[in-house]
Amino acid sequence: MQKLTPFLISGLLVFGAAACQDPARTSVDAPDTVNASPQAPTAQTTQASKEDAQSEVRRRQLNADIRAREQRNNATGGDANRAPADLASEVRSKLEANIPGGQLTVNAVENGTVTVAGTVNNQDQLSKIEPLAKEIKGVTAVVNKATVAPPKS
């Protein structure tokens, strides 16, 4: 055992020295983007992102996320007194999934009141805001400050 201990220690030292031969390359190989100005997205990138956000697949995904949140909420006792940030997030997802092309912001407060502001493309979308928001458990009232502004061509 006395001869084995120095052998193990020397083996660890040799292994450690070999592992340190290739030092971490952080500062030298890092890209120099500190002084570079941010690039604006191209028109094609913007259009592709807009189409993705409004796609049927995205709407189904958002609705599935909302159902999953509701199921988790029900599993924990179905508490209707939820955090304002959680309510706002869930209402925002619901509106995004069901009102394509809308430019809406959502704020919620402790008592379950949700305020929706921004613009939608037509009167039909404007009338959908309140019923959609009230589908979310914990929303007690909806203040609709959104307006109709047709999309610019």
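Position 139 (the sequence shown) corresponds to 139 in UniProt numbering; numbering is contiguous.
Heads up, the beta-carbon is just placed ideally off N, CA and C, and yes, glycines get one too.
Predicted model, so just to flag it, every value in this text is computed and none were measured.
In terms of Cβ geometry, residue 115 and residue 139 do not form a close pair [threshold 7 Å]. Restricting attention to 106, 128, 83, 102, the CA atom closest to the CA of residue 91 is found in 106. DSSP places residue 145 in the uninterrupted beta strand (DSSP E) bounded by 141-148. Across the structure, residue 63 and residue 93 are spaced so that their CA atoms are roughly 8 Å apart. Per DSSP, residue 122 lies in no alpha helix (DSSP H) and is assigned neither H nor E.
Burial is judged here by how many other beta carbons sit within 10 angstroms of a residue's own beta carbon; residue 85 has fewer than 16 and is exposed. Here residue 45 carries a helix assignment [DSSP, helix/strand/coil]. Residue pairing by DSSP puts residue 114 in a beta bridge opposite 108, 142. Between residue 99 and residue 134, the beta carbon gap of about 14 Å keeps them out of contact (Cβ cut-off 8 Å). Inclusion of residue 87 and residue 108 in the CB contact set at 7 Å is warranted, their separation being smaller than that value. Here residue 151 is near residue 121, since their CB atoms are less than 7 Å apart. Membership of residue 83 in any alpha helix (DSSP H) is not indicated, and neither H nor E is assigned to it by DSSP. In the three-state DSSP reduction, residue 103 falls in the strand class (E or B).
Between residue 113 and residue 147, the gap from beta carbon to beta carbon reaches 7 Å or more. In this structure, the CA atom of residue 44 is about 20 Å from the CA atom of residue 102.
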